[in-house]
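Engineer:
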Amino acid sequence: MREHKILVTGTVGAGKTTAIGLVSEVAPVVTDVRNSDASIDKARTTVGLDYGQLTLDNGDIVRLFGTPGQARFDFLWKILARNALGLIVLMDNSRPDPLADLCVYLDGFAEHLRTLPCVVGVGRMQSHAVPTLDDYADRLASTGRVFPILDVDVRRRSDVLVLIDTLLMQLEADMRKDEE
Ligand SMILES: Nc1nc2c(ncn2[C@@H]2O[C@H](COP(=O)(O)OP(=O)(O)OP(=O)(O)O)[C@@H](O)[C@H]2O)c(=O)[nH]1
Ligand SMILES: [Mg+2]
-15 MREHKILVTG TVGAGKTTAI GLVSEVAPVV TDVRNSDASI DKARTTVGLD YGQLTLDNGD
45 IVRLFGTPGQ ARFDFLWKIL ARNALGLIVL MDNSRPDPLA DLCVYLDGFA EHLRTLPCVV
105 GVGRMQSHAV PTLDDYADRL ASTGRVFPIL DVDVRRRSDV LVLIDTLLMQ LEADMRKDEE
């Protein structure tokens, strides 16, 4: 039995807390408080961490740690990322400049992204088709990175599981490479 620590980060309101709560088989740890920031259009926001865990079919355990989205809590990002084996970055395509948002998290986790696998999940693409997944890929490529980018609805458990599986497949491939 192995354990995988995965960090879930990304834009405020993209759905980190929602996603972790949907897939966790234990009561998730949630540290949301009433939002007092007028620029954030939702009632509650994470100020500490989210935690959830799930057991895979092979018995491995996935521990999911969610960060606050707000950059003013970026000191927590580094703490929460310690020992993570991979990152899920969630984006909200309805925001004014989602590609700039992406760069905030690419920069914030630059050190980790040098070695860890990552998958980007883009939400609200049904109502906001632009930027497209290709636009995200181009922006990533301009920073010298290639990660899987998926159109997701974090309110669907199956979409969240696909994100986790995509990351685990990369981890598995990396481990095989190390063994060769
Ligand atoms: N209508 C709609 N709502 C969505 C969609 N995707 C996510 N949401 C909602 O957006 C909200 C996301 O809230 P959270 O899960 O708290 O987001 P978060 O990323 O944890 O936010 P912070 O902790 O503040 O950074 C939830 O109410 C979701 O139901 C979508 O595609 N359409
Ligand atoms: Mg949250």
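Quick note: the sequence shown uses this note's numbering, first residue -15, plus one each step.
Where a beta carbon is used, it is the ideal one built from N, C-alpha and C, also for glycine.
Is it the case that the region 36 to 51 contacts the region 78 to 87, given that we only count it when at least three CB pairs across the two stretches are under 8 Å?
Structural biologist: The answer is no - the region 36 to 51 does not touch the region 78 to 87, with fewer than three Cβ pairs under 8 Å.
Engineer: If we call anything under 8 Å between Cβ atoms a contact, is L60 one with L86?
Structural biologist: Contact flag unset, no.
Engineer: Taking 7 Å as the cut-off, is the beta-carbon of R56 closer than that to any non-hydrogen atom of ligand 1?
Structural biologist: No, the beta carbon of R56 sits no closer than 7 Å to any heavy atom of ligand 1.
Engineer: Around ligand 2, which residues pass a check of Cβ closer than 5 Å to any of its heavy atoms?
Structural biologist: Going by the Cβ distance cut-off, the answer is K0, T1, T30.
Engineer: How many Å lie between D16 and P52 at the Cα?
Structural biologist: Approximately 9 Å between the Cα atoms of the pair.
Engineer: Would you call the region 127 to 135 in contact with the region 92 to 103, where contact means no fewer than 3 C-beta pairs closer than 8 Å?
Structural biologist: Flag = yes, the region 127 to 135 and the region 92 to 103 touch.
Engineer: Is the beta carbon of D137 within less than 7 Å of some heavy atom of ligand 1?
Structural biologist: Correct: D137 has its Cβ closer than 7 Å to ligand 1.
Engineer: Can you give me the C-alpha to C-alpha distance between L97 and E164, rounded to a whole angstrom?
Structural biologist: Taking the straight line joining both Cα atoms gives about 23 Å.
Engineer: Would you say the beta carbon of A(-2) is closer than 7 Å to some non-hydrogen atom of ligand 1?
Structural biologist: Under cutoff, so the answer is yes.
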